[in-house]
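Reading the sequence shown from the start, the letters are residues 170 to 391 in my numbering.
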Amino acid sequence: MRINVLQHTPNEGPGMIQDWSQAHGHEMYIYHPYQFGYLPTADETDMLVILGGPMSPNDDLPWIKQERELIAKMIEQDKPIFGACFGAQQIAKQLGYNITKAPAKEVGWAPVYLQSQVIPDLPEQMNVLHWHEEMFEIPDEAELLFSSDKVKNQGFVMNHRIIGLQFHFEPKADNVREMVVNDFLYIEGSVLNQTADDILQMTVPVENPEILFNLLDYISKK
């Protein structure tokens, strides 16, 4: 399977998604449309991964709109899509739903709570990395999957083929360090009241890779 990844900033890469791809013997191609302007076609994509970034789906940039055109074609072809943060917002935006300021800016580690049993073997509570201040509306076609204490719309699942998460399951320890040392100014104003050191000292939960792999398995298998 060819997994095409859309990466939107140097410090938010695929992380454990790449581990999952390698474990299954898939081929991963990483695109940087914000820098180079190139995107894959739906026909050459077996699975699409859309990562986070500092931009908003509401920004008037050609490549952001082109990404949503690709999402639309992937949905038409019933191919799996996984979106993290900005990526999840792009999916919701393409489906006609609003991207707005969240009730609270969340940056740091905090729990999310399972809201649906549609995907088997997920725990009721997970500790995850948040790095956002906007949120998506849950598409009518989708089911609410996760919520946090501060922001209800933290994740959705749709048609057994699409998962969008407002938070980040994918970063490994090195990836978290990369995010913090490059984007530490963004931490200011977060309701989680964590410093850069607080975030760095938190160990990535050992169960998070298994949970992420479960989510990716769910949308990639019919």
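We treat Cβ as the ideally placed atom computed from N, Cα and C, and that holds for glycine. Please read these numbers as outputs of a predicted model, since none were measured by experiment.
C-alpha of Pro209 to C-alpha of Leu385: approximately 20 Å in a straight line. A distance below 9 Å separates the beta carbons of Phe305 and Ala257. Here Phe338 is near Val297, since their CB atoms are less than 9 Å apart. When only Cα atoms are considered, Trp300 and Met348 end up about 9 Å apart.
Around the CB of Asn173, 16 or more other CB atoms lie within 10 Å, so the residue is classed as buried. Pairwise C-beta distances place the segment 348–359 out of contact with the segment 311–329, as fewer than three of them are shorter than 8 Å. In this structure Gly182 does not touch Asn351 by the C-beta definition: roughly 12 Å separates them, more than the 8 Å allowed.
For the options Asp290, Met295, Thr214 and Gln176, the alpha carbon positioned closest to that of Gly221 is the one of Gln176.
In this structure, Ile233 is the residue among Ile233, Leu369 and Asp247 with its C-alpha nearest to the C-alpha of Tyr203. Between the segment 251–265 and the segment 282–293 there are fewer than three C-beta pairs closer than 8 Å, too few to call the two in contact. Looking from the CA of Phe251, the closest CA among Asp212, Gly324, Glu379 and Ala273 belongs to Gly324. Secondary structure note for Asn267: it is in no alpha helix (DSSP H), with a DSSP letter that is neither H nor E. With 16 or more other Cβ atoms from the protein chains shown falling within 10 Å of its own Cβ, Tyr387 counts as buried.
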